[in-house]
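Report on the structure given below.
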Amino acid sequence: MMIYFTEVEQILAAVPLSKYILLFLAVVAFSALNSALLVWFSLLTDSYKDMQNLFSPVSIVWMIGPFVAMIVPATAWSSWMLLIPPINITLVVFDFAGANVLTLGDYVLTISSTMFIVSVIYMITNRMFKKDKYALGHS
């Protein structure tokens, strides 16, 4: 009996489980960065609408990553690109999709740099929240 796989199933079967785990961790780190920025911006504004207006440019900045990944060929990716969150998550997704250029160290650099930025943002937010004049938009 022959079992036929579609092209997508063949591609997914060819990707090792460790790469799935690393992709998941990179996406979780990027999501943590987005939530940290949302918490920080919510402290700076008086209303939810103002916070959305303040966060809109950040959403546009996240679009830089795919543009850089399209312009720069996969063989020219460097480690400094993995330190910038909009670019590093895009490179991880491109690598997962078939570029196969990133190493385990590159994944670790991506996740650790993003989590470092998240921790810095939360430290700033904590400091702002402790000062009553910044808490809950009362500037």
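According to the working numbering, the sequence shown is numbered sequentially starting from 6. Glycine included, every Cβ here is placed at the ideal spot set by N, Cα and C.
Are residue i and residue j close, meaning C-beta to C-beta below 7 Å?
i: S117; j: L88; result: no
i: I92; j: M86; result: yes
Would residue i be called buried (16 or more neighbouring beta carbons within 10 Å of its own) or exposed?
i: A102; result: exposed
i: L38; result: buried
i: F99; result: buried
i: D51; result: exposed
i: A31; result: buried
i: T80; result: exposed
i: Y25; result: exposed
i: M56; result: buried
i: G70; result: buried
i: L109; result: exposed
From residue i to residue j, what does the alpha carbon distance come to, in whole angstroms?
i: K54; j: V66; result: 19 Å
i: S64; j: A34; result: 16 Å
i: A41; j: V97; result: 21 Å
i: A104; j: L27; result: 15 Å
i: F46; j: M120; result: 18 Å
i: L22; j: L107; result: 15 Å
i: L48; j: M68; result: 25 Å
In three-state terms, what does DSSP make of residue i?
i: V20; result: coil
i: K135; result: helix
ask   = Along the chain, which unbroken stretches of the beta strand (DSSP E) at least 3 residues long are found entirely within the stretch 51-119?
value = Taking 3 residues as the shortest admissible run, the stretch 51-119 contains no complete beta strand (DSSP E) segment at all.
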